[in-house]
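Student:
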Amino acid sequence: MILIISKEHTELSTEEVIDWIDFFGKDFIRINGDEFFKKGNVEITLNNSELVIKYKDIEIPFGKINSVWFRRWWDRDFHDLYDNKNINYSIVDQLIFHQSGNIVSLRDLLFKYLDKKKWLSHPSKIAINKIHVLVEASKVGLNIPETKICSTKKELIDFFNIHKKIISKDLNDPIFFFDEQYCYTSITNAISRQKILNLPDEFFPSFFQKLVEKKFEIRVFYLNKKCYSMAIFSQSDKQTKIDFRNYNEDKPNRFVPYKLPRDIEKKIIQLMQNLDLTTGSIDMIKNKTGDYIFLEINPVGQFGMVSKPCNYYLEKEVAEYLISQDNG
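Residue numbers (my numbering): 3 to 330.
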């Protein structure tokens, strides 16, 4: 049996992989992290040494599960529990921190009992450090941009004076904020001298890199020693020139299938093996002189945006991999 760990909303890739698993006639069970701890959804019973976990009144059959796909997990925001209540809001954050700790303990319990299964993206492997990944990429022979993490205007000006064109990006994962109408997120931004001069003398430690003048961007979906690559022609549009994720809905970038040189693919495969990652989305740039520049890895990155424009049918590939793990 295959266990799929995902979330309820905005996970079309999960739905499409499930369609293929169902088509092939394989048994599966799905747990949504954002639903797991809602009232009445989870029940855990311990009788002597026997642990039983039920999700939506269905017992999780640990003995039958061989293959686990960790797609996403959404730890709840508990602010809604304290809305419009007669409560001292000065302690709400402390209560939420405490509740979150309890939920993490229960989540880790679930993962512990699945630890010896065959995972596609084990949760312990996906919390990668962006700087460590750059170091490891360089070790296998991939080109990386010159990088600086600093927290003073002086250091940043020195870095700018060396490279003339620099960018800033998240040190960790991009942030997402939601209100009733919009989603707000962080993207890569060009940093001018004037922006630096407007900064305070000291600021929160931030991530900067030399701006790579690109011929085009490359998104690679990696699965079990195979690279499925796509070229993104974002360089001609001012809106997407720095980061294609700053989408131009009126004039979308062209996405086309792309074949990386074999030596670059070998280095990517070696990097992913060194990081103990079976899958992930990799961002690269081909610069104007023809060199390939490695940027970063997202171990749980979306693959639908590569699959559909390139006709790779990655949803089928993922389903077949999970089935092979279950059968093996």
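Where a beta carbon is used, it is the ideal one built from N, C-alpha and C, also for glycine.
Determine the extent of the alpha helix (DSSP H) in which L125 is found, giving its start and end residues.
Tutor: By 1-based counting over the sequence shown, the position of residue 125 is 123. Sequence inspection shows Pro at residue 125; the Leu mentioned does not correspond to that position. Unbroken alpha helix (DSSP H) run through P125: P125 to I128.
Student: If you drop the 5 nearest sequence neighbours on each side, which residues of the same chain put their C-beta closer than 6 Å to that of I146?
Tutor: Counting from one through the sequence shown, the residue named residue 146 turns up at place 144. Correct list, in chain order: L136, A139, S140 and F296.
Student: So, does the CB of P63 fall closer than 9 Å to a CB anywhere in chain C?
Tutor: Protein chain content of the structure displayed is limited to a single chain, and chain C is not contained in it.
Student: So, do the stretch 227–242 and the stretch 205–218 have three or more beta carbon pairs nearer to each other than 8 Å?
Tutor: yes
Student: Shorter than 8 Å, the distance from the beta carbon of I168 to the closest heavy atom of the ligand GTP, or not?
Tutor: Absent from the structure shown: the ligand GTP. Ligands present: none.
Student: By how many angstroms is the C-alpha of L173 removed from the C-alpha of F331?
Tutor: Residue 331 lies beyond the residue range present for the chain, which begins at 3 and ends at 330; the question has no answer from this structure.
Student: Can you give me the start and stop residues for the alpha helix (DSSP H) that N49 sits inside?
Tutor: Along the sequence shown, read from residue 1 onward, the residue named residue 49 stands at position 47. Note, N49: premise wrong, no alpha helix (DSSP H); beta strand (DSSP E) at V44 to N49.
Student: Could you name the residues of the same chain whose beta carbon sits closer than 6 Å to that of K290, not counting the 5 residues immediately before and after it, in chain order?
Tutor: Translated into the one-based positions of the sequence shown, residue 290 becomes position 288. Correct list, in chain order: E215 and K217.
Student: Rounded to whole angstroms, what's the CA-CA distance from Y184 to F257? Just pull it up for me.
Tutor: The residue labelled residue 184 in the question sits at position 182 within the sequence shown. The residue labelled residue 257 in the question sits at position 255 within the sequence shown. Between Y184 and F257, the C-alpha separation is close to 26 Å.
Student: Roughly how many angstroms separate the alpha carbons of S107 and K150, rounded to a whole number?
Tutor: Along the sequence shown, read from residue 1 onward, the residue named residue 107 stands at position 105. Along the sequence shown, read from residue 1 onward, the residue named residue 150 stands at position 148. So the two alpha carbons sit approximately 36 Å from each other.
Student: Within the same chain, show all residues whose beta-carbon is closer than 7 Å to that of I284, passing over the 5 residues directly before and after it, in chain order.
Tutor: As a first step, residue 284 is located in the sequence shown; it is residue number 282 there, counting from the start. Excluding residues within five positions, the ones whose Cβ falls inside 7 Å are V222, Y224, I270 and I299.
Student: Going by C-alpha to C-alpha distance, which of W75, L277, T47 and E157 sits closest to H134?
Tutor: Along the sequence shown, read from residue 1 onward, the residue named residue 134 stands at position 132. It is L277 whose Cα lies nearest to the Cα of H134.
Student: At which residues does the beta strand (DSSP E) containing Q241 begin and terminate?
Tutor: Stepping through the sequence shown from its first residue, residue 241 is reached at position 239. Looking at the DSSP string, Q241 is not in any beta strand (DSSP E), and its letter there is neither H nor E.
Student: Around the Cβ of K228, are there at least 16 other Cβ atoms within 10 angstroms (buried) or fewer (exposed)?
Tutor: Looking up residue 228 in the sequence shown gives position 226. Using a 10 angstroms sphere on the CB of K228, the tally of other CB atoms stays under 16, which defines it as exposed.
Student: Just curious, the alpha helix (DSSP H) that L136 is in, first and last residue?
Tutor: Your numbering for residue 136 matches position 134 in the sequence shown. Taken as a continuous stretch (DSSP letters only), the alpha helix (DSSP H) holding L136 covers K132 to K141.
Student: Would you kindly check if the distance between the Cβ of P63 and the Cβ of I31 is under 9 Å?
Tutor: As a first step, residue 31 must be located in the sequence shown, where it is residue number 29. As a first step, residue 63 must be located in the sequence shown, where it is residue number 61. Yes, the Cβ-Cβ distance between I31 and P63 is below 9 Å.
Student: Indicate the three-state DSSP secondary structure (helix, strand or coil) for T154 in the structure shown.
Tutor: Residue numbering aside, residue 154 sits at position 152 when the sequence shown is read from its first letter. It is a strand residue.
Student: With a cut-off of 8 Å on the beta carbons, I'd call I4 and I33 a contact; round off their distance for me.
Tutor: Taking the first residue of the sequence shown as 1, we reach residue 4 at position 2. Taking the first residue of the sequence shown as 1, we reach residue 33 at position 31. Going by Cβ atoms, the distance from I4 to I33 rounds to 12 Å, so no, they are not a contact pair.
Student: Is the distance from the Cβ of L158 to the Cβ of L201 below 9 Å?
Tutor: For the purposes of this step, residue 158 is taken as residue 156 along the sequence shown, with counting starting at 1. For the purposes of this step, residue 201 is taken as residue 199 along the sequence shown, with counting starting at 1. Yes; because the gap between Cβ atoms is below 9 Å, this pair is in contact.
Student: Quick check: E37 and K58, are their CB atoms within less than 9 Å of each other?
Tutor: Taking the first residue of the sequence shown as position 1, residue 37 is located at position 35. Taking the first residue of the sequence shown as position 1, residue 58 is located at position 56. Yes, Cβ-Cβ distance for E37 and K58 is below 9 Å.
Student: Helix, strand or coil: which one does DSSP assign to Q275?
Tutor: As a position in the sequence shown, residue 275 is number 273, starting the count at 1. Note: Q275 maps to helix in three-state DSSP.
Student: Find the nearest neighbour of L111 within the set I60, L144, T190 and L48, judged by alpha-carbon distance.
Tutor: In the sequence shown, residue 111 corresponds to position 109, counting from 1. Out of I60, L144, T190 and L48, L48 has the C-alpha closest to the C-alpha of L111.
Student: Find out if the Cβ-Cβ distance for the pair P207, S170 is shorter than 9 Å.
Tutor: Locating residue 207 in the sequence shown gives position 205, where the first residue counts as 1. Locating residue 170 in the sequence shown gives position 168, where the first residue counts as 1. Contact flag unset, no.
Student: Tell me, which residues are paired with L173 by DSSP?
Tutor: One-based indexing of the sequence shown puts residue 173 at position 171. Note: L173 sits in no beta bridge, so no partner.
Student: Buried or exposed: where does S309 fall if 16 or more other Cβ atoms within 10 Å of its Cβ makes it buried?
Tutor: Counted from its first residue, the sequence shown places residue 309 at position 307. The residue in question, S309, is buried, as its Cβ has 16 or more Cβ neighbours within 10 Å.
Student: For F305, is the classification buried or exposed, using 16 other Cβ atoms within 10 angstroms of its Cβ as the cut-off for buried?
Tutor: Counting from one through the sequence shown, the residue named residue 305 turns up at place 303. Buried is the call here.
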